[in-house]
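Residue numbers (the numbering used here): 982 to 1341.
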């Protein structure tokens, strides 16, 4: 695991750029109100990269879109608190009040850069428009800024790229353009929604380094959404793991890999190949499938797939609570887990005392 920025960044006294408390995002459907994000809480400090991890459908992207208020207001219901820069409650803003924040103080990088770029306008036109929308720069000053941002992203021949159209660029180059567009107004918060998924390994590594450099240079707080734990280890300072709309574990990146507490987190890590993985053996899998949002089970939402589940797990809904085992290097309160058996699991593993009926 590489050294993360958190070890070199003193954020004591650095206020959180984003603080989310008990966020609930629900959608009106033919089957009634469906809650995709259910009581999610986290914070992002300046200069920090927070990883948000989980399987498809766990609520990662809906959480990001809720912060940005990108969801259809006619069919979406929000509850809870999303506080930006310690003062602004984003969920209380009207659409007209919210619009100046997007692109200026809140930047977002999407998974597919082609969905963020207009195919009929040049890269230069799109960057200049984004800059002038949120600043008072002249057209020439905006053009100079656009060139500077492409240079910062390390895109080859930036002068040429300004005159080209999105289809003339490679996937990695388009992603650099989208990053330049998201960072052109030096936002306080950057949301990156699986920005490296469609890229080859070499380009992915370059994009990760770029995002890390930008947060160091601009002290930008970053929400980095991914399903790739290798990416988490590479770039994140802290991590929240989500399952079926809830946060089930919240800790620093080292603790997540060294001392995972939730059975779901353990399953994700065990099913991720590494350099030490024996290719002659099949990787373990998490049994079963994620329930649908219209059929959320009572009690712990992971219980049906958990090898450590007991009857109590299906009756009582566990709270996200502080977790610390004897000998742990993590301070009390810095590791949160939504599991009533979290402290027992290491001992159960050492004795092989798992629930046989979930091993099928």
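For each residue, glycine too, the CB sits at the ideal point set by N, CA and C.
Let me know the secondary structure DSSP gives residue i once reduced to three states.
i            : result
residue 1135 : coil
residue 1017 : strand
residue 1078 : helix
residue 1210 : helix
residue 1302 : strand
residue 1069 : strand
residue 1154 : helix
residue 1234 : helix
residue 1129 : helix
residue 1245 : helix
residue 989  : Note on residue 989: pLDDT 39, under 50, position unreliable in the model; the coordinate value appears next. In this structure, residue 989 counts as helix in the three-state DSSP scheme.
residue 926  : No answer is possible for residue 926: the residues shown for the chain start at 982 and end at 1341.
residue 1107 : helix
residue 1317 : strand
residue 1227 : strand
residue 1119 : coil
residue 1099 : coil
Roughly how many whole angstroms lie between the Cα atoms of residue i and residue j?
i            : j            : result
residue 1276 : residue 1298 : 15 Å
residue 1339 : residue 1290 : With a pLDDT of 42 at residue 1339, under the threshold of 50, the predicted position of this residue should be treated as unreliable, though the coordinate-derived value follows. Rounded to whole angstroms, residue 1339 to residue 1290 spans 8 Å at the Cα level.
residue 1270 : residue 1264 : 17 Å
residue 1167 : residue 1209 : 27 Å
residue 1242 : residue 1323 : 6 Å
residue 1106 : residue 1305 : 53 Å
residue 1052 : residue 1093 : 18 Å
residue 1278 : residue 1117 : 52 Å
residue 1186 : residue 1303 : 34 Å
residue 1132 : residue 1183 : 19 Å
residue 1122 : residue 1031 : 33 Å
residue 1285 : residue 1245 : 11 Å
residue 1223 : residue 1072 : 21 Å
residue 1045 : residue 1005 : 12 Å
residue 1015 : residue 1007 : 5 Å
residue 1287 : residue 1076 : 42 Å
residue 1331 : residue 1325 : 10 Å
residue 1018 : residue 1036 : 14 Å
residue 1033 : residue 1204 : 7 Å
residue 1274 : residue 1022 : 19 Å
residue 1188 : residue 1249 : 24 Å
residue 1282 : residue 1294 : 9 Å
residue 1139 : residue 1128 : 6 Å
residue 1084 : residue 1111 : 8 Å
residue 1225 : residue 1137 : 41 Å
residue 1320 : residue 1169 : 34 Å
residue 1054 : residue 1176 : 25 Å
residue 1124 : residue 1038 : 40 Å
residue 1328 : residue 1314 : 22 Å
residue 1156 : residue 1049 : 20 Å
Name the DSSP beta bridge partners of residue i, please?
i            : result
residue 1058 : 1007
residue 1023 : 1001
residue 1205 : 1032, 1173
residue 1087 : 1083, 1170
residue 1063 : 1001
residue 1271 : Per DSSP, none; premise fails for residue 1271.
residue 1221 : 1033, 1231
If I'm right that residue i touches residue j with Cβ under 8 Å, what's the distance once you round it to whole angstroms?
i            : j            : result
residue 1237 : residue 1220 : 5 Å
residue 1120 : residue 1109 : 7 Å
residue 1191 : residue 1135 : 6 Å
residue 1229 : residue 1252 : No, residue 1229 and residue 1252 are not in contact; Cβ-Cβ is about 16 Å, not under 8 Å.
residue 1193 : residue 1216 : 6 Å
Report yes if the C-beta of residue i is less than 7 Å from at least one heavy atom of the ligand NAD; otherwise report no.
i            : result
residue 1140 : Among the components of this structure there are no ligands whatsoever, and the ligand NAD is therefore not found.
Could you say if the region 1144-1155 and the region 1065-1078 meet the contact criterion of at least three C-beta pairs nearer than 8 Å?
-> no
Would you check if there are 3 or more beta carbon pairs closer than 8 Å linking the region 1051-1065 to the region 995-1009?
-> yes
Cβ contact check for the region 1228-1244 and the region 1185-1202: 3 or more pairs under 8 Å = Verdict: no, contact absent.
Give a yes or no on contact between the region 1148-1158 and the region 1016-1026, applying the rule of three or more CB pairs nearer than 8 Å.
-> no
Determine contact between the region 1156-1164 and the region 1087-1102, defined as no fewer than three beta-carbon pairs at a distance below 8 Å.
-> The region 1156-1164 makes contact with the region 1087-1102: 3 or more CB pairs, one atom from each, lie closer than 8 Å.
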